[in-house]
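Single-structure report; data block below.
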Amino acid sequence: MKANTRVLNHVKFSGKIISLNVSGNHAYGIIGISVLTTNKSEFADTVQSVMFPYRLSQGYAEFYGYVPVEAKIGFNVELDSDKGIMKIYYNGKLVKETAVAVSLEERNIEFVRKNSKFKFISLK
Numbered sequence: 169m170k171a172n173t174r175v176l177n178h179v180k181f182s183g184k185i186i187s188l189n190v191s192g193n194h195a196y197g198i199i200g201i202s203v204l205t206t207n208k209s210e211f212a213d214t215v216q217s218v219m220f221p222y223r224l225s226q227g228y229a230e231f232y233g234y235v236p237v238e239a240k241i242g243f244n245v246e247l248d249s250d251k252g253i254m255k256i257y258y259n260g261k262l263v264k265e266t267a268v269a270v271s272l273e274e275r276n277i278e279f280v281r282k283n284s285k286f287k288f289i290s291l292k
């Protein structure tokens, strides 16, 4: 399945990290973001057995993926889906980049469904 090609969808947003929730699976988790700028006010994409790397609604976004240990609440982020990266900044200085990619791991998908502030429809 070429799920990662569906991430090339022109979604861009920036904002401030307001929450971090890391699973026990290799630092996979959820970064909650208060959105400051965006080119799309809403974005949600769901496909069975695939977790898209972000969701966006009403000034709030969540990033699903690798949560760098350098990421802290209050840091700023910029996500560009077409470039496949999210940049994390502190005081205007780049701290870390992380990949924007779909997850196919059931363990990660269930973690997001259980811990996201968004409601997900069960696809089973």
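Under this note's numbering, the first residue of the sequence shown carries the number 169, and numbering increases by one thereafter. Cβ coordinates follow ideal geometry from the N, Cα and C atoms, glycine included. Keep in mind the model is a prediction, meaning the values are calculated, not measured.
> For Asn276, which residues from the same chain have a beta carbon less than 8 Å from its beta carbon, with the 5 sequence-adjacent residues on both sides left out?
Replying inline: If you number the sequence shown from 1, residue 276 lands on position 108. Around Asn276: Ser191, Asn193, Tyr196, Met219 and Tyr232.
>> So for Val280, helix, strand or coil by DSSP?
In response: If you number the sequence shown from 1, residue 280 lands on position 112. Helix, per DSSP.
>> Can you look up Glu274 in the DSSP assignment and give me helix, strand or coil?
In response: If you number the sequence shown from 1, residue 274 lands on position 106. Note: Glu274 maps to helix in three-state DSSP.
>> Taking the beta carbon of Leu247 as the centre, do at least 16 other beta carbons fall within 10 Å, making it buried, or is it exposed?
In response: As a position in the sequence shown, residue 247 is number 79, starting the count at 1. Looking at its Cβ environment, which holds 16 or more other Cβ atoms inside 10 Å, Leu247 is buried.
>> Suppose the cutoff is 7 Å on Cβ atoms and the five residues either side in sequence are ignored; what does the same chain contact list for Pro221 look like?
In response: The count along the sequence shown starts at 1 and reaches residue 221 at position 53. Only residues of its own chain outside the window of five on either side were considered, and among them Val175, Phe231, Tyr232, Gly233, Val268, Ala269 and Val270 have a CB closer than 7 Å to the CB of Pro221, listed in chain order.
>> As a quick exercise: from Ser187, Tyr228, Gly200 and Ile185, pick the residue whose alpha carbon is nearest that of Thr206.
In response: Locating residue 206 in the sequence shown gives position 38, counting from the first residue. Selection Ser187, Tyr228, Gly200 and Ile185 evaluated against Thr206 yields Tyr228 as nearest (Cα-Cα).
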